[in-house]
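Chemist:
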Amino acid sequence: MDYKTILENIHASVQPYSCVGKVADYIPELAKVNPDKFGICLNTIDDGDYSIGDSGERFSIQSISKVFALAMALSIKGEALWSRVGKEPSGTAFNSLVQLEVEHGIPRNPFINAGAMVVADILLTSFDNSAERYLEFVRALCGKDDICYNEQVARSERETAYLNAAIANLLKYHKNIDCDVEEVLRLYFLTCSLEMNCHELARAFLAFANHAEPFSYAGIELTRSQIKRMNAIMQTCGFYDEAGEFSYLVGLPGKSGVGGGIAAICPMRYSVAVWSPRLNSKGNSVMGMKALEELTTITSESIF
Ligand code: DON
-17 MDYKTILENI
-7 HASVQPYSCV
3 GKVADYIPEL
13 AKVNPDKFGI
23 CLNTIDDGDY
33 SIGDSGERFS
43 IQSISKVFAL
53 AMALSIKGEA
63 LWSRVGKEPS
73 GTAFNSLVQL
83 EVEHGIPRNP
93 FINAGAMVVA
103 DILLTSFDNS
113 AERYLEFVRA
123 LCGKDDICYN
133 EQVARSERET
143 AYLNAAIANL
153 LKYHKNIDCD
163 VEEVLRLYFL
173 TCSLEMNCHE
183 LARAFLAFAN
193 HAEPFSYAGI
203 ELTRSQIKRM
213 NAIMQTCGFY
223 DEAGEFSYLV
233 GLPGKSGVGG
243 GIAAICPMRY
253 SVAVWSPRLN
263 SKGNSVMGMK
273 ALEELTTITS
283 ESIF
């Protein structure tokens, strides 16, 4: 497969969408990003690395961070994790409060904000230095030891996080958070603020694409079966109330973030990361989704 030419063609064919959508501005620091950025990087399981555009520029990974946090929590808790968080698609926005109240503080899945806060609580109770352990794990996954949190983005989010604070408090009310609410929010926002580029994200996600290799990074181990299950959750829950649309258009397990990034995998073939900050109304990158739709259409490489 000539991925280099395919990515060049995709880059050209997504141009008509270059002004569609809006940068996330509910986190003031994120509103400062240049909306015209576009980068994509594809890693094959035999070590190929193909890229185009602004693939070397780091951006705020936001909710893509929830995949790494889930990997850690699943490695620590195993199946017991699912007594505190579900594994069903939510069909609601990532920051919806309504469902959480109706379902008595058990979040639908680990990729909506409520679920990620429960996961953050598990990491806090499992490690003395959870923020450092998380960073160590993602650094090992992507093979780069200089990726960092952006404290300014984390602080900026906390200052305006009225809805996320309400979610955390509701979880605490239902006794699904053990730690202090403020500590949970701090770790959650910090992990969301992690900055990576498309190469680093594609490399990190390759571990979820390559079932043949043992998953063991910085002391976090997953079985082959657990990786399969993580991919299932990415497939069904990775795009909130647009999970069906992403499945239909792209057909890959993946995860989006309001920084404009999307990372996805094709089992035993490749991982791919794309970045374009303009988002649709569901909080997913417009050009990112279009690019991945093109990729699986041109290559016929998807899980379907
Ligand atoms: O909690 C938030 O609202 C952000 N830190 C993350 C949201 C996000 O990335 C949703 N993904 N599309």
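This note's numbering puts the first residue of the sequence shown at -17, with every later residue one more than the last.
Backbone N, C-alpha and C fix where the C-beta goes; we use that ideal spot for every residue, glycine too.
Thinking C-alpha only, which one of L56, T205 and N16 is nearest A102?
Modeler: Selected option, being the one with the closest Cα: L56.
Chemist: For A255, does the count of other Cβ atoms within 10 angstroms reach 16, so buried, or fall short, so exposed?
Modeler: Under this definition A255 is a buried residue.
Chemist: If you run the structure through DSSP and keep just helix, strand and coil, what is N291?
Modeler: Outside the shown range of the chain, which is -17 to 286, sits residue 291, and nothing can be said about it.
Chemist: Should the segment 149 to 165 be called in touch with the segment 199 to 219, which here means at least 3 C-beta pairs below 8 Å?
Modeler: Because the criterion of three Cβ pairs below 8 Å is not met, the segment 149 to 165 and the segment 199 to 219 do not touch.
Chemist: Given that a residue counts as buried once 16 or more other Cβ atoms are within 10 Å of its Cβ, and exposed if not, what is Q(-3)?
Modeler: Looking at its Cβ environment, which holds fewer than 16 other Cβ atoms inside 10 Å, Q(-3) is exposed.
Chemist: Do A53 and L204 come within 8 Å of each other at the CB atom, strictly closer than that value?
Modeler: Their beta carbons are under 8 Å apart, which means L204 touches A53 by this criterion.
Chemist: Check each candidate in D110, S263, V163 and G68 and name the one with the smallest Cα separation from G242.
Modeler: For the residues D110, S263, V163 and G68, the minimum Cα distance to G242 belongs to S263.
Chemist: Would you tell me roughly how many angstroms separate the C-alpha atoms of M178 and Y116, rounded to the nearest one?
Modeler: In a straight line, the C-alpha of M178 is about 14 Å away from that of Y116.
Chemist: Using the Cβ count rule (16 or more neighbours within 10 Å means buried), how would you classify K48?
Modeler: Classification for K48: buried.
Chemist: Can you tell me whether DSSP reads L12 as helix, strand or coil?
Modeler: L12 falls in the helix class under three-state DSSP.
Chemist: CB-CB under 7 Å to T218, same chain, minus the five flanking residues each way: which ones, in chain order?
Modeler: Here the set comprises P71 and A225.
Chemist: Distance check for V232 and A136, CA to CA, integer angstroms please.
Modeler: The straight-line gap from Cα to Cα measures roughly 31 Å.
Chemist: Does at least one heavy atom of ligand 1 sit under 7 Å from the Cβ of N77?
Modeler: The answer is yes for N77.
Chemist: In three-state terms, what does DSSP make of G236?
Modeler: It is a strand residue.
Chemist: What's the C-alpha gap between L183 and P89?
Modeler: So the alpha carbons of these two residues sit roughly 26 Å apart.
Chemist: Taking 7 Å as the line, does the beta carbon of Q81 fall inside it for any heavy atom of ligand 1?
Modeler: No - ligand 1 has no heavy atom lying nearer than 7 Å to the Cβ of Q81.
Chemist: Given 8 Å as the limit, is there contact between the segment 27 to 47 and the segment -17 to 2, that is, 3 or more CB pairs closer than that?
Modeler: Touching, yes.
Chemist: Would you kindly check if the distance between the Cβ of Y(-1) and the Cβ of V163 is under 8 Å?
Modeler: No, Cβ-Cβ distance for V163 and Y(-1) is not below 8 Å.
Chemist: Only counting the same chain, and skipping five residues up and downstream in sequence, which positions put a Cβ closer than 8 Å to that of V100?
Modeler: Excluding positions up to five away in sequence, the list reads R66, V67, P89, P92, L153, N158 and I159.
Chemist: With DSSP run on the structure shown, which of helix, strand or coil describes F109?
Modeler: Three-state DSSP puts F109 in coil, outside helix and strand.
Chemist: If we ignore side chains and look at the alpha-carbon of each, how far apart do V240 and Q44 end up?
Modeler: Using only the alpha carbons, I get a separation of about 6 Å.
Chemist: What span of residues does the beta strand (DSSP E) with L24 cover, start to end?
Modeler: Segment G21 to T26, the beta strand (DSSP E) holding L24.
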